[in-house]
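Structure first, commentary second.
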Amino acid sequence: MSTNTATADPASHRLSDTLREAASKYGLIAVLLALPVYLAISDLISKGNLTDLGNNLVLGLSNGAIIALVALGYTLVYGIIELINFAHGEVFMIGSFVAFGLWGTFGISEGMAVPGMIVGLLAAMIAAMIVCGGLNVMIERVAYKPLRNAPKLAPLITAIGMSFILQNVGILWRGSSQASVPDLINQSNDLVTIGGVVINNGDVLAAAVTIPLVFLLTSFINRSRLGKAMRATAQDPDAARLMGINVNTTISMTFLLGGMLAGAAGLINLLYQTSIWYFQGFQAGLIAFTAAVMGGIGNLKGAVLGGLIIGCIGQLAEFRIGAEWTAVVVFAYLVLIMVFRPQGLIGEETREAG
Amino acid sequence: MSNLRGLLKGKNNLVVSLVALGVAAILPLFFDPLSNLTNNFILAAAFVVMALGLNIVVGFAGLLDLGYVAFYAFGAYTIGWFASDHFSSVNGGEGFHIAAGEFASNLPGIHLNFLVIVVVAVIITGIAGMLIGLPTLRLRGDYIAIVTLAFGEIIYRFAVNGDEITFGEGYKLTNGRQAISPIDSIDLPGFAPFDSAFSLRPFYWFCLVLVGIVLLVNFRLRDSRLGRAWIAIREDEVAAASMGVPLVKTKLLAYATGAAFGGISGAFLGSYLTSVNANNFQFGFSIFILAMIILGGLGSIWGVAIGAILLSFINTYFIPEVFNEVPRKIGLEFDLTILNFGIFGFLILLVMVLRPQGILPERRRALELEGVGAGDAIEVRAP
Chain A
9 MSTNTATADP ASHRLSDTLR EAASKYGLIA VLLALPVYLA ISDLISKGNL TDLGNNLVLG
69 LSNGAIIALV ALGYTLVYGI IELINFAHGE VFMIGSFVAF GLWGTFGISE GMAVPGMIVG
129 LLAAMIAAMI VCGGLNVMIE RVAYKPLRNA PKLAPLITAI GMSFILQNVG ILWRGSSQAS
189 VPDLINQSND LVTIGGVVIN NGDVLAAAVT IPLVFLLTSF INRSRLGKAM RATAQDPDAA
249 RLMGINVNTT ISMTFLLGGM LAGAAGLINL LYQTSIWYFQ GFQAGLIAFT AAVMGGIGNL
309 KGAVLGGLII GCIGQLAEFR IGAEWTAVVV FAYLVLIMVF RPQGLIGEET REAG
Chain B
2 MSNLRGLLKG KNNLVVSLVA LGVAAILPLF FDPLSNLTNN FILAAAFVVM ALGLNIVVGF
62 AGLLDLGYVA FYAFGAYTIG WFASDHFSSV NGGEGFHIAA GEFASNLPGI HLNFLVIVVV
122 AVIITGIAGM LIGLPTLRLR GDYIAIVTLA FGEIIYRFAV NGDEITFGEG YKLTNGRQAI
182 SPIDSIDLPG FAPFDSAFSL RPFYWFCLVL VGIVLLVNFR LRDSRLGRAW IAIREDEVAA
242 ASMGVPLVKT KLLAYATGAA FGGISGAFLG SYLTSVNANN FQFGFSIFIL AMIILGGLGS
302 IWGVAIGAIL LSFINTYFIP EVFNEVPRKI GLEFDLTILN FGIFGFLILL VMVLRPQGIL
362 PERRRALELE GVGAGDAIEV RAP
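Protein chains in written order, with the working numbering: chain A, 9 to 362; chain B, 2 to 384.
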């Protein structure tokens, strides 16, 4: 009798555990799919095709590519010092500002020859990446490094302070109203149409910049010496220090990489949205942070995946519910993920979330 | 500084409170009753109430709430809904009144007396505080900050876009950026109706009474079983739980109490400003209040009050009136007012890096930040 229960009990435990695991694992995926599936069915019933949904998703993916670049910066920094770099969105905004400021210097204007423009834009992008990388390193030195041994909320608070300071730098630089910038790449020009789904210049640009950058970053982190040091520091800073890794330099390099990605995202965003605003960083930062959490914060693949998903959700909300409600939908997803699956889609459980 | 801290300890608290409130009460008599300065005093007093509320959540319980503006919004919309003609065709256009003032009792819409509004606001914001707190219970640290921030943003969007949401007989949820206005003035039984065209002093004295009540509640709570439980959770959640502190209840009570203060102040500001505008409920406001308690000293009641007054005056007086022209005088083409949030951000950064315990620190936190553990401090004093 006793042996019977002893064998039955673990089995039932295992079953309930598996069920719970499945619910937590696929619950989020089900929640994520709810909106597109619902829209697909209603499209099929009312129009008989999925062209609209396809168009939304293409826009969502290209938007998501930009978000993913910003999200990578959050996830890199969180992975290594478990800090939400609240000022990261503002670094992205400064990237846009720097890139736009340099258009004149590099002689970029509407209607110039394509090769010249590509060279000019590449130069502007590299400049924005360098400035943003440097800025991010400086932020770390000023606002986070002095507080490395303070209570954990202290650097988060200084991060918020930094974010407001940078927003005001933006206001001083370009005033407080949204401005439109020249549409250099003829952003909304239909490049190809596949089965009614339109792909514009902007979508191609977002993919063309994001994919190589993400590949460069992952191979840097997986292959290079510094990447190895970053991974070691992320796992255990003290052990890494004992192994002869200069933890401070490694952390600075992480901020540099994150800032550079934000700078690149700043330039693409400029070309893609053809507008510039001091406040663009705040919203983009929160959305990108949502993406990073969705993928599992600290996980590079997760940040990209999360960015793409959030991009699609954002576009669906914008076109189907109304642009003024996009933020509500995205933040509602943020709360849901935080509460039900704080470790994200493919991330490991972090200490904070557990 | 240590003498000052000693002065504010124990029984002296009551004396100091009474003296401070007494001085504060006489203060407006030296200024014109309609002057801008009186207006600044009123705003400062209202922000003291809010800051003391946020201090319970962030300072006592250690839960970093970045969405405190939500409770300001709930409090303000409570008075917006229940003390204006927003629901204009209620009761067949006759309106619904509970002890409304002489003027308001003939108007359509729902009109409740301000004291009733305060009770309703406390209930609504308290419940809202618990609802927003619920999802954060399992989380710790910076995740709480982000979830509360997300809630704050969601509430703000609902306030802005609320004019699209209609219910009943075409009532809008909010009036968005058009603002719900006018709002009934405060009309207390036994007093003449408050009239901001005649004198601002009654508003100030009334708000000072609110500050007094809130101070009293804060001191009593801090020294109560609940207050000690909050501080225990802040210091070490796992240790607190294993000592028998019920985490869920204690945390939810922190959220609810903090939210209720925000609601009271929000209702007061709604009435005083005679309008409830969605533009007031942006993220920056949460940070404005957070900056007050960081500046003053997280967890220190007097520190927070001083921080609130200081930052309120920086916002309403020093930036727009004293230093506004400074950039132009040195040849820069902007007013300082556009940089107010940058200045708050800079203050937060400066205080956090240079003096994280704030202007008037709480003793326990000061010891921690000086690198002396609580245990060491006791050992030092032992013979």
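Cβ atoms here follow ideal geometry from the backbone N, Cα and C, with glycine treated the same way.
Everything numeric in this text was worked out from a predicted model, so none of it was measured.
Per-residue burial, residue i [other beta carbons within 10 Å of its own, 16 or more giving buried]
i         : result
ALA361(A) : Confidence at ALA361(A) is low in this model, with a pLDDT of 37, below 50, so the placement of that residue should be treated as unreliable; the coordinate-derived value is given next. Looking at its Cβ environment, which holds 16 or more other Cβ atoms inside 10 Å, ALA361(A) is buried.
PHE168(B) : exposed
THR358(A) : Unreliable placement is indicated for THR358(A), whose pLDDT of 45 sits below 50; the coordinate value is still reported in the next sentence. Buried, because 16 or more other Cβ atoms sit within 10 Å of the Cβ of THR358(A).
ARG22(A)  : exposed
PRO34(B)  : exposed
GLU334(B) : exposed
LEU222(B) : buried
GLN243(A) : exposed
PRO163(A) : buried
ASN254(A) : exposed
ARG231(A) : exposed
ASP188(B) : buried
PRO384(B) : Its pLDDT being 35, under 50, PRO384(B) is placed unreliably by the model, and nothing is read from it.
ARG349(A) : buried
ASP211(A) : buried
THR338(B) : exposed
VAL323(B) : exposed
SER3(B)   : Low local confidence applies: a pLDDT of 49 at SER3(B) is under 50, so the model's placement there is unreliable, with the coordinate-based value given in what follows. Per the 10 Å Cβ criterion, exposed.
PHE204(B) : buried
TYR46(A)  : exposed
PHE94(A)  : buried
GLY376(B) : Unreliable placement is indicated for GLY376(B), whose pLDDT of 41 sits below 50; the coordinate value is still reported in the next sentence. Label assigned to GLY376(B): exposed.
ASP86(B)  : buried
ASN92(B)  : exposed
VAL327(B) : exposed
PHE345(B) : buried
Minimum C-alpha distance to residue i - residue among the options
i         : options                                       : result
THR83(A)  : GLY267(A), ARG328(A), VAL343(A) and GLU326(A) : GLY267(A)
ILE284(A) : ASP25(A), ILE253(A) and GLN175(A)             : GLN175(A)
ALA151(A) : ILE138(A), ILE168(A) and MET137(A)            : ILE168(A)
MET293(B) : ALA47(B), ALA52(B), ASN13(B) and VAL210(B)    : ALA52(B)
PRO109(B) : ILE99(B), VAL239(B) and ASN219(B)             : ILE99(B)
LEU91(A)  : ASN56(B), TRP82(B), ARG141(B) and VAL50(B)    : ARG141(B)
ILE184(B) : ALA230(B), ALA77(B), PRO190(B) and ASP336(B)  : ALA77(B)
PHE105(A) : ALA158(A), ALA187(A) and ILE37(A)             : ALA187(A)
MET302(A) : ALA48(A), LEU27(A), PHE228(A) and MET346(A)   : MET346(A)
LEU269(A) : THR201(A), LEU221(A) and ASP51(A)             : LEU221(A)
Boundaries (first-last residue) of the alpha helix (DSSP H) holding residue i
i         : result
ILE207(A) : ILE207(A) -> not in any alpha helix (DSSP H); beta strand (DSSP E) instead, spanning 205-208.
PHE457(B) : In the structure as shown, chain B begins at 2 and stops at 384. Residue 457(B) is therefore absent and cannot be evaluated.
HIS96(A)  : 96-113
SER171(A) : 161-182
ASP60(A)  : 59-89
PHE31(B)  : Here PHE31(B) belongs to no alpha helix (DSSP H), and DSSP marks it neither H nor E.
VAL218(B) : 202-223
TYR144(B) : 143-162
ILE27(B)  : 13-27
TRP285(A) : Here TRP285(A) belongs to no alpha helix (DSSP H), and DSSP marks it neither H nor E.
Supposed contact pair residue j and residue i - C-beta distance, whole angstroms, cut 8 Å
i         : j         : result
ILE252(B) : ILE234(B) : In the sequence as presented, Ile is not what sits at residue 252(B); that position holds Lys. At roughly 7 Å, the Cβ-Cβ gap stays under 8 Å, so LYS252(B) and ILE234(B) are in contact.
VAL58(B)  : ALA255(B) : 5 Å
GLY263(B) : PHE72(B)  : 3 Å
ALA268(B) : THR149(B) : In fact, because the Cβ distance is near 21 Å, the residues do not count as touching under 8 Å.
LEU350(B) : THR166(A) : 5 Å
GLY128(A) : GLY109(A) : In fact, because the Cβ distance is near 13 Å, the residues do not count as touching under 8 Å.
ALA205(A) : VAL66(A)  : According to the sequence shown, residue 205(A) is Val rather than Ala. Sure, about 6 Å apart at Cβ, within 8 Å.
ALA45(B)  : SER313(B) : 4 Å
Limits of the unbroken beta strand (DSSP E) element including residue i
i         : result
LEU113(B) : 111-113
LEU199(A) : 198-202
Exercise. How about the region 294-309 of chain B and the region 102-114 of chain B: do they share at least three Cβ pairs that are nearer than 8 Å?
Worked result: no
Problem set entry | Meets three-Cβ-pair contact criterion under 8 Å: the region 143-161 of chain B and the region 52-67 of chain B | yes
Problem set entry | Members of the region 160-174 of chain B that neighbour chain D once the beta carbon cut-off is set at 9 Å | In summary, chain D is missing from the structure at hand, where the protein chains are A and B.
Exercise. Would you call the region 291-311 of chain A and the region 127-136 of chain B in contact, with 3 or more CB pairs under 8 Å?
Worked result: no
For this session: Spell out a yes or no on whether the region 286-293 of chain A and the region 86-101 of chain A are touching, meaning 3 or more CB-CB pairs, one atom from each, closer than 8 Å.
Result: yes
For this session: Spell out a yes or no on whether the region 321-341 of chain A and the region 20-30 of chain B are touching, meaning 3 or more CB-CB pairs, one atom from each, closer than 8 Å.
Result: no
Problem set entry | Stretch-stretch touch, CB-based, cutoff 8 Å, three pairs: the region 111-121 of chain B with the region 309-329 of chain A | no
Problem set entry | Contact the region 267-279 of chain A vs the region 54-63 of chain A: 3+ CB pairs below 8 Å | no
Exercise. Can you find at least 3 beta carbon pairs, one from the region 170-184 of chain A and one from the region 351-364 of chain B, that sit closer than 8 Å?
Worked result: no
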